[in-house]
Amino acid sequence: MKAPRFLIVRFSSIGDIILSAPVIHAIRKHFGKEARIDFVTLKPFKGAAELLPDLNEIHLVEKVTIEIVPTLKKLNFDYIIDLHGSVRSRSLSNSLNVLTFSVDKQTFPRFALILGLRKAPIPHFIDRSFALVKAFGIPLPTSSPWGSLNTKPPATHINLPSSYITVAPGAAHLGKAIPYSTLKAICIYFSSQNIHIALVGGPDSKTIASSLISENSENSITSFCGYASLSETAYVLKNSMLAIGGDTGAMHIASALGTPLISVWGCTRPSLGLSPWRPHPASTILLPINRDTRPCSRHGAKCRFTRKGQDLCINHVSPARIIEAATRIIN
């Protein structure tokens, strides 16, 4: 019997691409090394796709999917697992004319949750992804669901100590970004405890990282923001005794690597179905105090409280709560 050939489609973003890993790993485990499993994403997210285990090949889209259609047609895929559910992914599926299984994006239930018309949380994205492969007899895994992300040591002369914590200061939207004052308090506290801090993130986090380092006199902070590749960043997270971050890609990478995690939530909420999935048992979720549990927006770009003249939700997760949770996990 011919081994099946799967094409997994997820164009963005870093965190959502990482959330593809359990399904890919389950397909590989079920069908073995003879099966072909390829992945399609946008070129700017190549680094995230390269973290995924169990793939045969990654195909990159520069602008439009038609760029890669001739190559994909020659590979004769049997199935498309569409984990994006967008106009672009549907266009690719139509061009290839391959049997496609598309994830339920829960678009209307998510909006209903934001508007307060729904109270029940949205099923997790990974659980919805596994619903697509149920037809192949692939069950939701009970152990080792992530596989092994592809990591590598940072190509830098900087050596981290054997014990350190990792902080991810950046976020795509302000409503998910840990405030600078909170980050500063965290760094000051752990520096005073002789605990080294590694800062991870993209080029957009370099300024924040530089400021945190300049305000710290203990030389106990190392920044990889804008310098390390995503696989190098994953290596730093993997070897950390604790990771602290907002609702970002680093949060999902830490979960996938089994690193104890403190996820700090603001204008998005775990109820949207994108919380850390099966994280390390010591992990904890910190939600804003004095705010209701429903999210302000899908991506953290809007906060309904600022429209009332109040401050952002994420400002209601105090440094003291993060430090207390971190101390408990470390000890």
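By the count of the numbering used here, the sequence shown reaches residue 1424 at its end, each step adding exactly one. Think of the CB as a built atom: it goes at the ideal place given N, C-alpha and C, for glycine as much as any other residue. Note that this is a predicted model, so its numbers are computed, not measured.
Alpha carbon to alpha carbon, how far is L1323 from A1265? Give it in angstroms, no decimals.
16 Å
As an exercise, report each continuous alpha helix (DSSP H) stretch of at least 4 residues that is fully enclosed by the region 1259–1335, in chain order.
1273–1285, 1299–1307, 1323–1331
Under the assumption that N1252 contacts S1284 (Cβ atoms under 8 Å), give the Cβ distance between them as a whole number of angstroms.
In fact, because the Cβ distance is near 18 Å, the residues do not count as touching under 8 Å.
Taking the alpha-carbon positions, what's the G1125 to D1171 distance?
C-alpha separation (whole angstroms): 16 Å.
Looking at C-alpha atoms only, which residue of G1319, T1352, M1334, A1228 is the closest neighbour of F1194?
A1228
Compare the beta carbon distance of G1339 and A1278 with 9 Å and say whether it is the shorter of the two.
no
Work out the CA separation of V1102 and I1151 for me, nearest whole Å.
Taking the straight line from one Cα to the other gives about 10 Å.
Verify whether the separation of the beta carbon atoms of N1312 and G1359 is less than 9 Å.
No, Cβ-Cβ distance for N1312 and G1359 is not below 9 Å.
Which two residues bound the contiguous beta strand (DSSP E) that contains D1175?
1172–1175
Mapping DSSP to helix, strand and coil, what is F1398?
Of the three classes helix, strand and coil, the one that applies to F1398 here is coil, per DSSP.
Candidates S1237, N1243, D1197: closest to R1221 by CA position:
D1197
Between I1120, N1187, I1110, which has its C-alpha nearest P1137's C-alpha?
I1110
Can you tell which of T1361, Q1403, P1381 has its C-alpha closest to the C-alpha of P1214?
Of the listed residues, the one whose Cα sits closest to P1214 is T1361.
Bounding residues of the beta strand (DSSP E) (the contiguous stretch that carries S1222):
Counting along the chain, S1222 falls outside any beta strand (DSSP E), though it belongs to the alpha helix (DSSP H) covering 1218–1226.
Using 8 Å for Cβ pairs, my map puts Y1328 next to P1254. What's the rounded Cβ distance?
Not a contact, Cβ separation roughly 15 Å.
Is the Cβ-Cβ distance between N1243 and L1145 less than 9 Å?
Result yes, Cβ atoms of N1243 and L1145 sit closer than 9 Å.
Please classify H1118: does DSSP put it in a helix, a strand, or coil?
Of the three classes helix, strand and coil, the one that applies to H1118 here is helix, per DSSP.
Alpha helix (DSSP H) runs contained entirely in the region 1123–1180, provided each spans 4 or more residues
1139–1144, 1162–1167
What are the residues that DSSP puts in a beta bridge with R1098?
R1129
Cα-Cα separation between S1390 and S1241, rounded to whole angstroms
32 Å
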